[in-house]
Amino acid sequence: MDKTMTGHAPTLLRPGDYIRANGHIWVIVFLLDAKDVAGLPDWPHYFVVRSVRDGQRTVILYHLFPADDRLHHSASQLDGIYTLHEDNRKMAFLCRDEPEGMFAKLLRATGGVEWSARWRISFNKLTGSDVPPRANWRQALPGEV
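Numbering of the sequence shown is given in my numbering, commencing with residue 28 and proceeding in unit increments.
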């Protein structure tokens with residue numbers, strides 16, 4: 028890892044953690060270790076998303092932030108009971124976060140177990156809904172970052 032950006036290697040967050048930048052809260056989807064990627068410096072970047080409304084439509088904005096200690100960030104604490112909003116249904120589940128990786132275990136009241144990406148649970152926790160299947164995705168414009 029290149030240490031030239033801040034003089035030291037940043038403490039890396041993981042998918043599902045939050046970044047606050049310019050008054051907006053973003054959810055980390057994945058970490059991109061940008062080496063030899065055209066147009067990007069050779070250090071890790073966070074691919075992040077947030078939701079905005081455009082009239083009646085939901086738009087998912089995405090952006091790449093350098094993995095920099097100067098960002099305001101927090102690790103998600105996903106353990107707990109949640110209501111998952113999915114396909115116009117509400118389902119309660121107990122979430123057990125895994126100590127590493129990008130997935131969390133969902134324990135349903137019916138006894139079923141499934142796995143979900145940490146970032147989707149964090150997004151649901153932040154916005155109160157899942158990523159709409161018909162949402163438009165686009166890169167954030169400079170004024171939206």
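Glycine is no exception: its CB is placed at the ideal position from the N, C-alpha and C atoms.
Q.
For Arg147, report the span of its alpha helix (DSSP H) as first-last.
A. For the purposes of this step, residue 147 is identified with residue 120 of the sequence shown, where counting begins at 1. Run containing Arg147: Arg145 to Thr154, per the alpha helix (DSSP H) assignment.
**Q.** Local conformation of Gly107 per DSSP, three classes
**A.** Position 80 of the sequence shown, counted from the first residue, corresponds to residue 107. DSSP places Gly107 in strand when its eight states are reduced to three.
Q) Just how far apart, CA to CA, sit Ile108 and Gly128? A) As a position in the sequence shown, residue 108 is number 81, starting the count at 1. As a position in the sequence shown, residue 128 is number 101, starting the count at 1. If I take the Cα positions, the gap works out to 20 Å.
Q. Roughly how many whole angstroms lie between the Cα atoms of Leu88 and Val140?
A. Translated into positions along the sequence shown, residue 88 becomes position 61. Translated into positions along the sequence shown, residue 140 becomes position 113. Distance between the alpha carbons of Leu88 and Val140 is about 31 Å.
**Q.** Asp124 to Asp95 span [Cα, whole Å]
**A.** One-based indexing of the sequence shown puts residue 124 at position 97. One-based indexing of the sequence shown puts residue 95 at position 68. Each residue's alpha carbon lies about 24 Å from the other.
Q | Cβ-based neighbour list, Gly43, same chain, cut-off 6 Å, excluding 5 preceding and 5 following | A | By one-based count along the sequence shown, residue 43 stands at place 16. Closer than 6 Å at the Cβ level, and outside the excluded window around Gly43, lie Ser103, Arg145, Trp146 and Ser149.
Q. Any idea if Trp53 is buried or exposed, counting beta-carbon neighbours within 10 angstroms, 16 or more meaning buried?
A. In the sequence shown, counting from the first residue as 1, residue 53 sits at position 26. Buried is the call here.
Q. Grouping DSSP H, G and I as helix and E and B as strand, with all else coil, what is Pro93?
A. Within the sequence shown, residue 93 is the residue found at index 66, counting from 1. Of the three classes helix, strand and coil, the one that applies to Pro93 here is strand, per DSSP.
Q) When we look at the beta-carbon of Gly170 and count the other beta-carbons within 10 Å, is it buried (16 or more) or exposed? A) Numbered from its first residue, the sequence shown carries residue 170 at position 143. Exposed is the call here.
Q. How would you call Asn49, buried or exposed, if buried means at least 16 neighbouring beta carbons within 10 angstroms?
A. What you label residue 49 is simply residue 22 of the sequence shown in a count that begins at 1. Under this definition Asn49 is an exposed residue.
Q) What first and last residue would you give for the beta strand (DSSP E) that runs through Val56? A) Locating residue 56 in the sequence shown gives position 29, counting from the first residue. Segment His51 to Asp60, the beta strand (DSSP E) holding Val56.
**Q.** Extent of the continuous beta strand (DSSP E) to which Val172 belongs
**A.** Translated into the one-based positions of the sequence shown, residue 172 becomes position 145. Here Val172 belongs to no beta strand (DSSP E), and DSSP marks it neither H nor E.
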